[in-house]
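As you go down the protein sequences, you meet chains W and L in turn. First residue of the first sequence: 1, per the numbering used here; consecutive thereafter. First residue of the second sequence: 432, per the numbering used here; consecutive thereafter. Structure first, commentary second.
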Amino acid sequence: MSEKFDCIVVGAGPAGISCAYELAKGGANVLLLERGEYPGSKNVMGGVLYRKMMEDIIPEFYKEAPLERPVVEQRFMMMDKESAVTFGYKGMEWSKEPYNNFTVLRAKFDQWFADKAVEQGAVLVNETVVLECIVENGKVVGVRTDRPNGDVYADVVVLADGVNSLLAQSLGFHKEYKPDEVALATMEVLKLDKKIIEDRFNLEENQGCTIELFGDATKGILGTGFLYTNKDSLSIGVGTLLSGLIKHKIKPYELLEYVKNHPMIRPYIQGSEPQEYLAHLIPEGGFKSMGKIVGDGVIVIGDASQLVNAIHREGSNLAMTSGRMAAETILLAKEAGDFSESMLDLYRTRLMSGFVGQDMQKYKDATHHFDKFPHYFDEYIPMLNKAASQMFTVDGSSKWDKQKKIWKDIGSGKDKMKLARDMYRAWKVIK
Amino acid sequence: MLHIVACIKQVPDTKIIKMNPKTNTMDRRTAPAILNPYDAHAVEEAVRLRERYGGKVSVVTMGPPPAVKAIKKCIEIGADEGYLITDRRFAGADTLATSYAVTKAIEKISKENPVDLIICGKMTIDGDTGQVGPGIARRLDIPPLTSVNKVVEINQTERTIVVHRKLEDGYEVVQSTLPCLLSVEKTVNEVPYAPFPNMLKAARYKPHVWSVDDLDDVDIKQLGLKGSPTIVSKVWAPPKPQGGEMLEGNPQQQVEQLLSVLLDKKELFQSKEGV
Numbered sequence: 001m002s003e004k005f006d007c008i009v010v011g012a013g014p015a016g017i018s019c020a021y022e023l024a025k026g027g028a029n030v031l032l033l034e035r036g037e038y039p040g041s042k043n044v045m046g047g048v049l050y051r052k053m054m055e056d057i058i059p060e061f062y063k064e065a066p067l068e069r070p071v072v073e074q075r076f077m078m079m080d081k082e083s084a085v086t087f088g089y090k091g092m093e094w095s096k097e098p099y100n101n102f103t104v105l106r107a108k109f110d111q112w113f114a115d116k117a118v119e120q121g122a123v124l125v126n127e128t129v130v131l132e133c134i135v136e137n138g139k140v141v142g143v144r145t146d147r148p149n150g151d152v153y154a155d156v157v158v159l160a161d162g163v164n165s166l167l168a169q170s171l172g173f174h175k176e177y178k179p180d181e182v183a184l185a186t187m188e189v190l191k192l193d194k195k196i197i198e199d200r201f202n203l204e205e206n207q208g209c210t211i212e213l214f215g216d217a218t219k220g221i222l223g224t225g226f227l228y229t230n231k232d233s234l235s236i237g238v239g240t241l242l243s244g245l246i247k248h249k250i251k252p253y254e255l256l257e258y259v260k261n262h263p264m265i266r267p268y269i270q271g272s273e274p275q276e277y278l279a280h281l282i283p284e285g286g287f288k289s290m291g292k293i294v295g296d297g298v299i300v301i302g303d304a305s306q307l308v309n310a311i312h313r314e315g316s317n318l319a320m321t322s323g324r325m326a327a328e329t330i331l332l333a334k335e336a337g338d339f340s341e342s343m344l345d346l347y348r349t350r351l352m353s354g355f356v357g358q359d360m361q362k363y364k365d366a367t368h369h370f371d372k373f374p375h376y377f378d379e380y381i382p383m384l385n386k387a388a389s390q391m392f393t394v395d396g397s398s399k400w401d402k403q404k405k406i407w408k409d410i411g412s413g414k415d416k417m418k419l420a421r422d423m424y425r426a427w428k429v430i431k
Numbered sequence: 432m433l434h435i436v437a438c439i440k441q442v443p444d445t446k447i448i449k450m451n452p453k454t455n456t457m458d459r460r461t462a463p464a465i466l467n468p469y470d471a472h473a474v475e476e477a478v479r480l481r482e483r484y485g486g487k488v489s490v491v492t493m494g495p496p497p498a499v500k501a502i503k504k505c506i507e508i509g510a511d512e513g514y515l516i517t518d519r520r521f522a523g524a525d526t527l528a529t530s531y532a533v534t535k536a537i538e539k540i541s542k543e544n545p546v547d548l549i550i551c552g553k554m555t556i557d558g559d560t561g562q563v564g565p566g567i568a569r570r571l572d573i574p575p576l577t578s579v580n581k582v583v584e585i586n587q588t589e590r591t592i593v594v595h596r597k598l599e600d601g602y603e604v605v606q607s608t609l610p611c612l613l614s615v616e617k618t619v620n621e622v623p624y625a626p627f628p629n630m631l632k633a634a635r636y637k638p639h640v641w642s643v644d645d646l647d648d649v650d651i652k653q654l655g656l657k658g659s660p661t662i663v664s665k666v667w668a669p670p671k672p673q674g675g676e677m678l679e680g681n682p683q684q685q686v687e688q689l690l691s692v693l694l695d696k697k698e699l700f701q702s703k704e705g706v
């Protein structure tokens, strides 16, 4: 019979590595399986890593991890075709330890993080695809890999196999996701001289800036774009609900090209050289799309369990926290010698009562709401731009007149009512 | 017990690597380090022979500490043990110095467990010389059999081996005494998708790591740059192949154009001396 582990974690992304790390640290015999050539080789993220949740796992990781830049400024651009209303915050408290968050390149960071799990005693096997869970008497007892003699057994299997989670789906935990439950993000890493980056983004060494793009960046489709500064490259990308791309018949790479050529963006990236091109699905269905996440001998974590807060572009932090909580539960289960669903359900209750579950519930209607009412993006953001232009253009008319004109431009009394109602609705879904 | 040693090297993936246009040297940061593809076949052949005759497969390599990864790849293929010799004093070695250092490592391995057969890949994809294998054989004073594309049999009592050596127009069957050294062609075998237990073994495996001081009777002068008489006088990237030329028009016009193109290439029709 093949070797048996305490736990098998399928997928070496932030969720899986966090889980394997905590399990190994807690003395469990853990196997971490990754289909890519190395952890990070197939993983995609715009690039913001949150300090707090990472520090819950490895305190002061920023002293040795391969990070790009600590983020000292977050900007938000509400874009129209040839204009943008921008606001943001920059603070020097984020430029020093312990920092707030960082830009990272996943291919480097995930490798480092996985090495840390291996140092703790986890066994990492790359280039191996898990085909299915081995189920005996309704209980998951191991996994079948695509390699000869590829069956391997464990008390618990943790599914961290990412957004589509075919494994959780084959267990009947969730249905195949619909196009309005997933976003498709495409991004490029653009090589650019360090000094030029610091000049263009008004940064000093070891300082980074993130810019989130709304409105015309996605041609009004529900989604966002982003432009992040790395050490000597920029990450630029755009993600929209799959359903939006289908409806507007736009190809994702066309959208990325559009953003790259947008007059508000082009000057930032001028002279850069494409280094990498990446694309990935993001689970954005939120709380309502979450399937079953615990079964007999099995736990689902990270993207595989739809843990993404689309409104706050948070995902990796939820993934890490879910991985850590799964590990804590499994260690307790190991002590009790009980790997049943009712025992492992402790993971679900802890997750849902903590910030992860709270945030998932808070924004449970957000994606669906903005998807249903696209005029937030294709009407109101252009309206905001027009109003700003109107107000700040000095043309001899009085500011009172300008305000009157802006007010008139919103439309009839009915249109104004609609705007007020929509603002209230938007407030309600994110409050 | 048959003890086979496979010599391997970690190389930059030359399919991906970019050249630095200023210095004309390989920019190693642009390519991932992989197990030299020819060496994978050498290890696979060693593993197959072990499966046929029993025994043990060891792999040995010289390189920087990350070369451990290449050894782990060999464990995935099925090798039993791996030895890495790594030391700053090895750096800058050409094929002469490399074969000297690897020979010293094999001698050390032999002390514990005498080596019957050494298998090398045909050549490395970053150097393309194919000299290190025969160099090791010469230093150990054993027969080198290059261009091997089949191992027919090993007779352990007679201490002989029969192989096919690839020739331009076929192959020759050669018998040699053991111990000897083979350098194998890619066609010698196919490296299969590694079974899962090997993956587990490789994930946990820690190779033996030796520095110069761990080896016996080493003449430091023969190591690294000092022991390397090779001088690279010039390096240049091969010219990029030019795209083809499309001839247009009806068949008659195209033939005419083709003829004039061919006739322009006068050198095709001039007889050279001695031809």
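Heads up, the beta-carbon is just placed ideally off N, CA and C, and yes, glycines get one too.
Fill in: Where the alpha helix (DSSP H) containing arginine 147 of chain W begins and where it ends
Run containing arginine 147 of chain W: none; DSSP gives neither H nor E here.
Worksheet item: Mapping DSSP to helix, strand and coil, what is asparagine 309 of chain W?
Response: strand
Worksheet item: Taking the alpha-carbon positions, what's the aspartate 115 of chain W to tyrosine 624 of chain L distance?
Response: Straight-line Cα distance between these residues: approximately 24 Å.
Worksheet item: Closer than 9 Å, Cβ to any Cβ of chain L: which residues of the segment 119 to 135 of chain W, in chain order?
Response: Among the residues of the segment 119 to 135 of chain W, those with a Cβ less than 9 Å away from any Cβ of chain L are Val123, Leu124, Val125, Asn126, Glu127 and Thr128, in the order of the chain.
Fill in: Identity of the residue in W/Ser18, W/Pro14 and W/Ala28 nearest lysine 4 of chain W by Cα
W/Ala28
Worksheet entry | Environment of asparagine 126 of chain W [buried if 16+ CB atoms lie within 10 Å] | So asparagine 126 of chain W counts as buried.
Item to complete: Give the straight-line distance between the Cα atoms of proline 148 of chain W and valine 129 of chain W, rounded to the nearest whole angstrom.
Response: 12 Å
Discussion item. Please identify, using Cβ separations under 7 Å, the residues of the segment 139 to 156 of chain W that lie next to chain L, in order along the chain.
Written reply: Thr145, Arg147, Pro148, Asn149, Gly150 and Val152
Worksheet item: Between which two residues does the alpha helix (DSSP H) containing tryptophan 641 of chain L stretch?
Response: Where tryptophan 641 of chain L is concerned, there is no enclosing alpha helix (DSSP H), although the beta strand (DSSP E) it sits in stretches over 639 to 641.
Fill in: Spatial neighbours of leucine 646 of chain L in its chain, beta-carbon cut-off 6 Å, leaving aside the 5 residues before and after
The residues are Lys535 and Lys539.
Worksheet item: Which residues, taken in chain order from the segment 635 to 665 of chain L, show a beta carbon closer than 7 Å to some beta carbon of chain W?
Response: Listed by position along the chain: Arg635.
Item to complete: Locate the beta strand (DSSP E) running through glutamate 603 of chain L, then write down its first and last residues.
Response: 601 to 608
Worksheet item: How about glycine 658 of chain L and leucine 527 of chain L: are their beta carbons less than 9 Å apart?
Response: yes
Worksheet item: Can you tell me whether DSSP reads glutamate 276 of chain W as helix, strand or coil?
Response: strand
Fill in: Backbone secondary structure at alanine 122 of chain W - three-state DSSP
Correct three-state label for alanine 122 of chain W: coil.
Worksheet entry | Residue range of the beta strand (DSSP E) that includes histidine 434 of chain L | 434 to 438
Item to complete: Identify, in the order they occur along the chain, each residue of the same chain with its Cβ nearer than 6 Å to the Cβ of proline 14 of chain W, setting aside the five sequence neighbours on each side.
Response: Once the five neighbours on either side are set aside, the close Cβ partners of proline 14 of chain W are Ser316, Ala319 and Met320.
Discussion item. So, for isoleucine 246 of chain W: in the same chain, excluding its five sequence neighbours on each side, which residues have a beta-carbon less than 7 Å away from its beta-carbon?
Written reply: Pro179
Item to complete: Can you pull the chain L residues whose beta carbon is under 7 Å from the beta carbon of glutamate 3 of chain W, in chain order?
Response: Leu631
Practice prompt. Pick helix, strand or coil for tyrosine 376 of chain W, following the three-state DSSP scheme.
Written response: helix
Item to complete: Have a look at L/Gly486, L/Pro670 and L/Thr618 and flag the residue whose alpha-carbon is nearest the alpha-carbon of asparagine 544 of chain L.
Response: L/Gly486
Discussion item. Check whether chain L comes within 9 Å of leucine 31 of chain W, counting only Cβ atoms and requiring the distance to be less than that.
Written reply: yes
Discussion item. DSSP three-state label for phenylalanine 87 of chain W, please.
Written reply: strand
Practice prompt. Starting from histidine 595 of chain L, trace the beta strand (DSSP E) both ways and give me its first and last residue.
Written response: 591 to 598
Item to complete: Alpha carbon to alpha carbon, how far is alanine 304 of chain W from glycine 162 of chain W? Give it in angstroms, no decimals.
Response: 4 Å
Fill in: Bridge partner(s) assigned by DSSP for glutamine 441 of chain L
DSSP lists L/Leu466 as the bridge partner or partners of glutamine 441 of chain L.
Worksheet entry | Top-ranked residue by Cα proximity to glycine 208 of chain W, from W/Asp151, W/His262, W/Glu55 and W/Ile197 | W/Ile197
Item to complete: Report yes if the CB atom of glycine 47 of chain W is closer than 9 Å to the CB atom of leucine 131 of chain W, and no otherwise.
Response: no
Item to complete: Going by DSSP, name the residue or residues bridged to proline 382 of chain W.
Response: In the DSSP assignment, no residue is bridged to proline 382 of chain W.
Worksheet item: Taking 9 Å as the CB-CB cut-off, is proline 496 of chain L touching chain W?
Response: no
Discussion item. Can you confirm whether the segment 388 to 403 of chain W touches the segment 324 to 331 of chain W when touching is taken to mean that 3 or more C-beta pairs between the two stretches lie within less than 8 Å?
Written reply: no
Worksheet item: So which residues on chain W does alanine 625 of chain L lean against when the C-beta distance must stay under 7 Å?
Response: Within chain W, the residues placing a beta-carbon under 7 Å from that of alanine 625 of chain L are Arg147, ordered along the chain.
Item to complete: Locate the alpha helix (DSSP H) running through isoleucine 17 of chain W, then write down its first and last residues.
Response: 14 to 25
Fill in: Opening and closing residue of the alpha helix (DSSP H) in which threonine 534 of chain L lies
526 to 543
Worksheet entry | alanine 333 of chain W, enclosing alpha helix (DSSP H) - first and last residue | 316 to 336
Discussion item. For valine 619 of chain L, tell me which candidate among L/Thr454, L/Gln606 and L/Val583 has the shortest Cα-Cα distance.
Written reply: L/Val583
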